[in-house]
Amino acid sequence: MFALVDCNNFYVSCERAFNPQLQDKAIVVLSNNDGCVVARSPEVKALGIGMGVPLFKIREEVKKYNILTFSSNYALYGDLSNRVMKILGSFTPEVEIYSIDEAFLGLSGFKDIDLTTYTMEIRQTIMQWTGIPVSIGIASTKTLAKIANRVAKKSPSGLFDLSICPDQDSVLQKIDISDVWGIGRKLSNWMKEQNIHNALQLRDTDIPIIRKKMGVVGERLVRELRGESCLPLEICPSPKKETCVSRSFGKVVTDLTELKEAVAHFTTKASAKLRKQQQCASALTVFIRTSRYASSPWGDTATLALPVATNDTPELIYYAMRLTNRLFLPDVPYKKAGVIMQGLIPQSTVQSSLFDTKDRYKSLRLMEVVDQINDRFGEGTIKFAVEGIKQEWKMKNENRSPSYTTRADQLPVAWCH
DNA sequence: TCTGGGGTCCTAGGACCC
DNA sequence: TCTGGGGTCCTAGGACCC
Numbered sequence: 001m002f003a004l005v006d007c008n009n010f011y012v013s014c015e016r017a018f019n020p021q022l023q024d025k026a027i028v029v030l031s032n033n034d035g036c037v038v039a040r041s042p043e044v045k046a047l048g049i050g051m052g053v054p055l056f057k058i059r060e061e062v063k064k065y066n067i068l069t070f071s072s073n074y075a076l077y078g079d080l081s082n083r084v085m086k087i088l089g090s091f092t093p094e095v096e097i098y099s100i101d102e103a104f105l106g107l108s109g110f111k112d113i114d115l116t117t118y119t120m121e122i123r124q125t126i127m128q129w130t131g132i133p134v135s136i137g138i139a140s141t142k143t144l145a146k147i148a149n150r151v152a153k154k155s156p157s158g159l160f161d162l163s164i165c166p167d168q169d170s171v172l173q174k175i176d177i178s179d180v181w182g183i184g185r186k187l188s189n190w191m192k193e194q195n196i197h198n199a200l201q202l203r204d205t206d207i208p209i210i211r212k213k214m215g216v217v218g219e220r221l222v223r224e225l226r227g228e229s230c231l232p233l234e235i236c237p238s239p240k241k242e243t244c245v246s247r248s249f250g251k252v253v254t255d256l257t258e259l260k261e262a263v264a265h266f267t268t269k270a271s272a273k274l275r276k277q278q279q280c281a282s283a284l285t286v287f288i289r290t291s292r293y294a295s296s297p298w299g300d301t302a303t304l305a306l307p308v309a310t311n312d313t314p315e316l317i318y319y320a321m322r323l324t325n326r327l328f329l330p331d332v333p334y335k336k337a338g339v340i341m342q343g344l345i346p347q348s349t350v351q352s353s354l355f356d357t358k359d360r361y362k363s364l365r366l367m368e369v370v371d372q373i374n375d376r377f378g379e380g381t382i383k384f385a386v387e388g389i390k391q392e393w394k395m396k397n398e399n400r401s402p403s404y405t406t407r408a409d410q411l412p413v414a415w416c417h
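Residues in the first sequence are numbered from 1 upward in steps of one, following our numbering.
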């Protein structure tokens, strides 16, 4: 038995947790660069504003209905997410953190416990300790728990147990095929052509038909809908295989120096991420591209296998700069760039090279000090000169709330009259 | 004018090995 | 004309997730 715990409109709930005046107000949280809507309060959903809509397309509604817009504040969301997950861990050791706002729980050890009462207690505890409302769906497979959670979201209790539901078929029938976990845009179009319009119809489709189109992934999906668990709980997160830092620019970039500043900056962030994960990269890719929405979008990538796997910032910047030089073309309106660290291996098992001349121990210690300073005093307190000073390519973040829980100088203030 | 970022998994096909 | 069998590794591309 599985439960899926999902935070209700998570980013919006985080903003509300530290600013109670936002309760019952129509608010949205925007993606990086203040580009698209990535979280909506129920009031905004009721206005028919969709997920992922670009902000400039809803300017009128924002004005008309006084919708408050927030730039995303990942320091805050990440910290509150950790707190929620920690609370879940105090209820059961079988927790799979699936995303920033979702976790699967394994309930196999709770045979003699009333699950409704227990999950209600989980829900109340999270609410009381963090201020974040969650919904919980229970079922015999992860895919069904996802569906149960959709039902829970609409129920006043915030809970739904599909396994004790007398009429499962009618629940599945009400789930549109595009809302089934693992069915995206392409596949839902195909399904509809095959006359499969809801979860019930997919469940009752012959497996070979689905297997032929979707491979083993599809077969697992149908079996999961039939109540046969194929996707196990993954309690220990497996180490990352690659890690990427990329951003759209706040403006168009045509200058090589400026482009290199940005790539150097992304490389710095990616290197710090590697060190935090105690991993080294054995290859490095840089990509630069124009706007996706240009009449003829263009982009290019370049990859380099590193002589010795590393997470040393200056070394990685050196290679990233060489790749950027190779990629750059004059007079192209670049809008986005990124670096991808690939072939990640544990820092402790790096194969050294006979011809390596670098003092890796020394530079690792230097990086440790840099990381400590930046952790303590804020990102970018110490930076590399190639990252630039003005950083005019940096993205827009016009309406970011304070980092209430992670920066001492931004703690929330309570008034008392 | 303005359109996010960071991932994973699977498959097919090519190169290569003995 | 007929041209083996069994395998690994890598990459690109397509699909999906939140």
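Note that beta-carbon positions come from the ideal geometry of N, C-alpha and C, so glycine has one too.
If you count every other CB in all the chains shown that lies within 10 Å of the CB of Pro255, and 16 or more means buried, which is it? Before going on, a small fix: residue 255 reads as Asp here, not Pro. Looking at its Cβ environment, which holds fewer than 16 other Cβ atoms inside 10 Å, Asp255 is exposed.
Roughly how many whole angstroms lie between the Cα atoms of Cys280 and Lys273? 10 Å
Using CA atoms only, rank isn't needed, just tell me which of Leu105, Met51, Ser401, Glu193 is closest to Glu94. Of the candidates Leu105, Met51, Ser401, Glu193, the one whose C-alpha sits nearest the C-alpha of Glu94 is Leu105.
Can you tell me the Cα-Cα spacing of Glu228 and Gly48, whole angstroms? 36 Å
Beta-carbon proximity check, Ser72 vs Arg407, cutoff 9 Å: no
In three-state terms, what does DSSP make of Gly380? Residue state for Gly380 is assigned as coil, using DSSP reduced to three classes.
Going by DSSP, what residue range makes up the alpha helix (DSSP H) through Arg16? 10–17
For Gly35, name the three-state secondary structure that DSSP assigns. coil
Taking the straight line between their C-alpha atoms, what separation do you get for Asp16 and Lys45? Looking at the sequence provided, one finds Arg at residue 16 rather than Asp. If you take the alpha carbons of Arg16 and Lys45, they lie about 16 Å apart.
Give the list of continuous alpha helix (DSSP H) stretches no shorter than 4 residues that lie fully inside the stretch 88–163. 115–130, 142–154
If you follow the alpha helix (DSSP H) that Ser170 is part of, which residue opens it and which one closes it? 168–173
Through-space distance from Val28 to Cys36, alpha-carbon basis: 10 Å
Within the same chain, show all residues whose beta-carbon is closer than 7 Å to that of Gln347, passing over the 5 residues directly before and after it, in chain order. These residues qualify, in order along the chain: Gln278, Gln279, Cys280, Asn311.
Distance CB(Val350)-CB(Thr290) smaller than 9 Å: no
Using the Cβ count rule (16 or more neighbours within 10 Å means buried), how would you classify Val171? buried
Quick check: Thr141 and Phe2, are their CB atoms within less than 9 Å of each other? yes
Strand pairing of Gln279, partner residues [DSSP]: Pro346
Going by alpha carbons, who is nearest to Ala337 out of Ile288, Leu354, Phe56? Ile288
Tell me the DSSP secondary structure of Ala55 in three-state form. It is worth fixing the name first, because residue 55 is Leu in this sequence and not Ala. If DSSP states are grouped into helix, strand and coil, Leu55 belongs with the helices.
N- and C-terminal bounds of the alpha helix (DSSP H) containing Ala320: 313–327
What residue range is occupied by the uninterrupted alpha helix (DSSP H) comprising Leu225? 207–225
Three-state secondary structure (DSSP) of Met341: strand
Mind checking who Thr301 pairs with in its DSSP beta bridge? Phe287
DSSP state of Pro412, grouped into three classes? coil
Those residues which DSSP pairs with Lys336 across a bridge: Ser248, Arg289
DSSP bridge partner residues for Ile183 (one or two, in chain order): In DSSP, Ile183 forms no bridge with anything.
Residues in its own chain within less than 8 Å of Ile177 by CB, not counting five upstream and five downstream? Ile183, Ser188, Met191, Lys192, Ile196, His197, Asn198, Ala199, Gln201, Leu202
Helix, strand or coil for Phe2, going by three-state DSSP, please let me know. strand
In the DSSP assignment, what residue or residues form a beta bridge with Arg400? Ser71
Chain-order list of residues whose beta-carbon lies under 6 Å from that of Leu144 (same chain, five-residue window excluded): Leu162
Could you please give the first and the last residue of the uninterrupted beta strand (DSSP E) stretch that includes Val29? 27–30
Met321: which of Arg123, Ala302, Val216, Asp167 sits nearest, CA to CA? Answer by Cα proximity: Ala302.
Could you tell me if Lys335 is buried or exposed, where buried requires 16 or more neighbouring beta carbons within 10 angstroms of its beta carbon? By the neighbour-count rule (16 or more Cβ atoms within 10 Å), Lys335 is buried.
Could you check whether Lys25 and Ser41 sit closer than 9 Å to each other, using their CB atoms as the reference points? yes
Leu284 and Leu323: beta carbons closer than 9 Å? yes
For Ala46, the first and last residue of its enclosing alpha helix (DSSP H): Segment 42–46, the alpha helix (DSSP H) holding Ala46.
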